[in-house]
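Here the structure comes first, spelled out in structure tokens, and everything after it is commentary.
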Amino acid sequence: MDNISQHNQKRWNALAGANALFSRPALELDAKSAQGNIDPEGRLGSIRGKQVLCLASGGGQQSAAFALLGAEVTVLDIAEGQLARDQQVAEHYHVAIKTVQGDMRDLSAIASTSFDIVWHPYSLNFVPDARAVFHEVARVLHVGGIYHMQCANPFTCGLTPKDWNGNGYSLKYPYIEGMLLESEDQPWAYARENYHGEPIPILREYRHTLSSLINGLSDEGFVLQHLSEDLHLFPNGEAEPGTWDHFVAYAPPWFGFWATYCPRT
Numbered sequence: 001m002d003n004i005s006q007h008n009q010k011r012w013n014a015l016a017g018a019n020a021l022f023s024r025p026a027l028e029l030d031a032k033s034a035q036g037n038i039d040p041e042g043r044l045g046s047i048r049g050k051q052v053l054c055l056a057s058g059g060g061q062q063s064a065a066f067a068l069l070g071a072e073v074t075v076l077d078i079a080e081g082q083l084a085r086d087q088q089v090a091e092h093y094h095v096a097i098k099t100v101q102g103d104m105r106d107l108s109a110i111a112s113t114s115f116d117i118v119w120h121p122y123s124l125n126f127v128p129d130a131r132a133v134f135h136e137v138a139r140v141l142h143v144g145g146i147y148h149m150q151c152a153n154p155f156t157c158g159l160t161p162k163d164w165n166g167n168g169y170s171l172k173y174p175y176i177e178g179m180l181l182e183s184e185d186q187p188w189a190y191a192r193e194n195y196h197g198e199p200i201p202i203l204r205e206y207r208h209t210l211s212s213l214i215n216g217l218s219d220e221g222f223v224l225q226h227l228s229e230d231l232h233l234f235p236n237g238e239a240e241p242g243t244w245d246h247f248v249a250y251a252p253p254w255f256g257f258w259a260t261y262c263p264r265t
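The sequence shown maps to residues 1 to 265 in the UniProt record's numbering.
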């Protein structure tokens, strides 16, 4: 593993130990809530019997939802602490979930054209080269397969509620592809008062410009079907400036991409 993999592995194992928000297994799902968690708009259609790769998606959340809806689920994640949560939900719901420890940039442990769906929640910005990930996803998807990916809003990546200057949220970093941005975890990420383990490594993210995301997908044979700004966050422009609710009203933090793999012949 390179330094990036080592940092991500150490960080996410520590976050799992801190019971961080994205490390809490979904243990109270039924079919309806599972559908609402992963596909409230019904874009996937029926997934029963579909082969699904939850990419860099450990934590026992998306895997549980897909398995309850009848999919054949594989989870790949860098951190064994995160994968343990997926094993936990498999036992809890009496479903089969395969776990593979690995880096999203290297899916060599997975055979080509193995999946109908690759589900990639927020993690792309933890590596500097989005194209390397897109290339691997294209290799493991069937033609016509669906790739859902969530990433940082390229224009607001690096901004936090602490950047409120009295009039707005100040841009601080150049708009450069692959630029490393470091910041503290948001207060809602995990309960500091309840965590007494080793210090959690700092959040390291890499900016991916909008052109690199769209062109990178296109160059690998993906056709963009839908783009969302994840406004289900319910932003509140009347909230106290400098709070998370106010911040997301002015600087939407995440994009969601839906794409179909249709390679050119």
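Using N, Cα and C, we set each Cβ at its ideal position, and we do this for glycine too.
Among all the DSSP beta bridges, which residues are the ones paired with Gly256?
-> Gln150, Ser228
Over the uninterrupted beta strand (DSSP E) stretch that includes Gln51, give me the two end residues.
-> 51-55
Bounding residues of the beta strand (DSSP E) (the contiguous stretch that carries Asp116) | 115-120
Whole-angstrom C-beta distance between Thr260 and Ile146, which should lie under 8 Å | 6 Å
Should Leu180 be labelled buried (16 or more other beta-carbon atoms within 10 Å of its own) or exposed?
-> exposed
Tell me, please, whether the stretch 46-55 touches the stretch 4-21 by the rule of three or more beta-carbon pairs shorter than 8 Å.
-> no
Mind pulling the alpha helix (DSSP H) runs of 4 or more residues that sit fully within the stretch 168-231?
-> 210-219
For Gly102, does the three-state DSSP call read helix, strand or coil?
-> coil
Under the assumption that Val137 contacts Val118 (Cβ atoms under 8 Å), give the Cβ distance between them as a whole number of angstroms.
-> 5 Å
Exposure of Met1, with buried meaning 16 or more beta-carbon neighbours within 10 Å | exposed
Quick one: using the 10 Å Cβ neighbour count with 16 as the cut-off for buried, is Cys157 buried or exposed?
-> buried
When you compare only the Cα positions, how much space is there between Val95 and Gln88?
-> 10 Å
Exposure label - Asp219; buried when at least 16 CB within 10 Å | exposed
Does at least one heavy atom of the ligand GTP sit under 7 Å from the Cβ of Ile176?
-> Ligands in the displayed structure: none, and consequently the ligand GTP is not present.
Verify whether the separation of the beta carbon atoms of Tyr97 and Ser46 is less than 8 Å.
-> Note that residue 97 is Ile in the sequence shown here, rather than Tyr. In this structure, Ser46 does not lie closer than 8 Å to Ile97 by Cβ.
Tell me the DSSP bridge mates of Val73?
-> Val52, Ile97
When the Cα of Asp77 is compared with those of Tyr93, Ala71, Val100, which residue comes out closest?
-> Val100
Tell me, please, which residues DSSP counts as bridged to Tyr250.
-> Answer is none; Tyr250 lacks a bridge partner.
For the alpha helix (DSSP H) that contains Val137, what are its first and last residues?
-> 130-140
Report yes or no: do three or more beta-carbon pairs, one from the stretch 245-256 and one from the stretch 152-171, lie closer than 8 Å?
-> yes
Could you check the C-alpha separation between Pro235 and Ser228 for me, to the nearest Å?
-> 15 Å
Applying the criterion that 16 or more other CB atoms from any shown protein chain within 10 Å of the CB defines a buried residue, is Thr265 buried or exposed?
-> exposed
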